[in-house]
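Going down the list, the protein sequences come from chains G and U.
For the first sequence, the numbering used here begins at 2 and goes up steadily by one.
For the second sequence, the numbering used here begins at 13 and goes up steadily by one.
Each remark here refers to the structure printed beneath this line.
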Amino acid sequence: MKILVVDDSKAMRMIVKRTLRQAGQEDHEIEEAGDGSEALPMVESFKPDLIMSDWNMPEMTGIEFLRALRAAGNNVRFGFVTSEGTSDMRQIADEAGAEFLITKPFDSATFEAVLSASVG
Amino acid sequence: MTHDIDDLTRQVWENVLGQSVELAALNGTCPNVTSSVQIMGAWTGTVSLRMTTELATVIAGSMFEMEADELGQEEIDDAVGEMANMIGGNVKSLLPGPSQLSMPTVSGGEEPPHFPGTVLGEHLEYEVAGQPFTVSVLAAAGVEGPNNHNNAEEQS
């Protein structure tokens with residue numbers, strides 16, 4: 002499985018990758034991007050099976066990134082990893098086509114539970 | 013609100029950095045690093061974290077899994093900015109919505125930063141790894157909550 006991790010914080014990208022390993026997802030190929038505008042062309046080149054994206058990022062936010070993907074006809078599995086987990090944001094994420102929204106801080110058990118359905 | 017902010021702050025520290033925190037007065041120790049986020053919308057204000065350079069380095073070292081002498085300012089600013097993002101984002105979830113969260117800003121200096129047009133609502137002081145750490149929630153003047161101090165002066 003190929004996973005694209007998108008977050009403007011390099012520290013958080015490292016934490017996400019570390020938590021993926023702790024959740025038993027260490028055998029996957031993982032690439033990183035710093036925001037949606039950087040990630041968008043990587044979707045074409047890397048062809049991830051799953052995207053895990055922050056919401057609030059410069060240049061192109063996570064929700065803008067997801068909407069751009071869906072508008073281009075790309076139905077890649079997509080989930081948010083964000084500090085903002087309000088009900089209205091979950092609704093926006095769901096309506097835009099996200100499979101899940103994990104709130105920060107998170108632990109490996111949360112990743113395991115959410116990703117078992119997405120990654121397999 | 014104070015209890016909720018305390019809960020989420022402890023959760024961030026314990027889940028992300030594996031360290032417990034205790035509420036503790038600053039006792040003269042002087043934080044000199046500030047990271048903050050703005051919240052704009054149905055509720056408008058600022059969530060501001062203050063800590064010492066030493067604690068900022070501990071945070072970065074834990075997030076990046078690097079020794080202190082391997083860390084550059086970019087890594088330290090990234091890590092403390094992400095702390096503000098996590099705590100600020102969770103504070104935002106406690107407040108009226110909808111609203112937007114800004115990108116974090118990080119600055120240095122022993123004087124607390126000035127956030128013009130705001131009133132201090134919440135202020136919690138902690139000790140983490142022997143270092144002071146504070147969380148402040150400031151509301152735009154005229155905005156209700158959280159728990160605007162009755163006699164607080166508006167920051168001009």
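C-beta atoms are modelled at their ideal positions from N, C-alpha and C, and glycine is treated no differently.
This structure is a prediction, so every number in the text was calculated from the model and none was measured.
Worksheet entry | Rounded distance between the beta-carbons of U:Pro43 and U:Met63, thought under 8 Å | Translated into positions along the second sequence, residue 63 of chain U becomes position 51. Translated into positions along the second sequence, residue 43 of chain U becomes position 31. Taking C-beta atoms under 8 Å as the contact rule, U:Met63 and U:Pro43 qualify, at a distance of about 5 Å.
Discussion item. Just checking: is the beta-carbon of G:Ala34 within a distance shorter than 8 Å of some beta-carbon in chain U?
Written reply: As a first step, residue 34 of chain G must be located in the first sequence, where it is residue number 33. The beta-carbon of G:Ala34 is placed no less than 8 Å from the nearest beta-carbon of chain U.
Worksheet item: In whole angstroms, what separates the C-alpha of G:Ile16 from that of U:Glu123?
Response: Locating residue 16 of chain G in the first sequence gives position 15, where the first residue counts as 1. Locating residue 123 of chain U in the second sequence gives position 111, where the first residue counts as 1. When rounded, the distance between both Cα atoms is 32 Å.
Fill in: Spatial neighbours of G:Leu21 in its chain, beta-carbon cut-off 6 Å, leaving aside the 5 residues before and after
Mapped onto the first sequence, residue 21 of chain G falls at position 20. Same-chain partners within the cutoff: there are none.
Item to complete: May I ask you to report which of helix, strand or coil DSSP gives U:Thr64?
Response: The residue labelled residue 64 of chain U in the question sits at position 52 within the second sequence. Coil.
Worksheet item: So with Cβ pairs under 8 Å, would you call U:Asp81 a contact of chain G?
Response: Taking the second sequence and counting its residues from 1, one reaches residue 81 of chain U at position 69. Taking Cβ atoms only, chain G never reaches closer than 8 Å to U:Asp81, which makes this a no.
Discussion item. Below 9 Å on C-beta distance, what does G:Gly86 contact in chain U?
Written reply: Position 85 of the first sequence, counted from the first residue, corresponds to residue 86 of chain G. Correct list: Gly101, Asn102, Ser105.
Worksheet item: For G:Met2, which option in G:Gly25, G:Met13, G:Ala12 has the closest C-alpha, if you only look at C-alpha atoms?
Response: If you number the first sequence from 1, residue 2 of chain G lands on position 1. Measuring C-alpha to C-alpha distances from G:Met2 to each of G:Gly25, G:Met13, G:Ala12 identifies G:Gly25 as the nearest.
Discussion item. Less than 8 Å between C-beta atoms, sequence neighbours within five positions excluded: which residues of the same chain meet that for G:Val115?
Written reply: Translated into positions along the first sequence, residue 115 of chain G becomes position 114. Closer than 8 Å at the Cβ level, and outside the excluded window around G:Val115, lie Gly80, Phe101, Ile103.
Worksheet entry | Through-space distance from U:Gln85 to G:Met90, alpha-carbon basis | As a first step, residue 90 of chain G is located in the first sequence; it is residue number 89 there, counting from the start. As a first step, residue 85 of chain U is located in the second sequence; it is residue number 73 there, counting from the start. Taking C-alpha positions only, G:Met90 is separated from U:Gln85 by approximately 33 Å.
Discussion item. On the criterion of 16 or more Cβ atoms from any shown chain inside 10 Å, does G:Lys105 qualify as buried, or is it exposed?
Written reply: In the first sequence, residue 105 of chain G corresponds to position 104, counting from 1. Here G:Lys105 is buried: its Cβ has 16 or more other Cβ atoms, across all protein chains shown, within 10 Å.
Worksheet item: Between which two residues does the beta strand (DSSP E) containing G:Glu100 stretch?
Response: To locate residue 100 of chain G, count along the first sequence from 1; it is residue 99. The continuous stretches of beta strand (DSSP E) do not include G:Glu100, and DSSP gives it neither H nor E.
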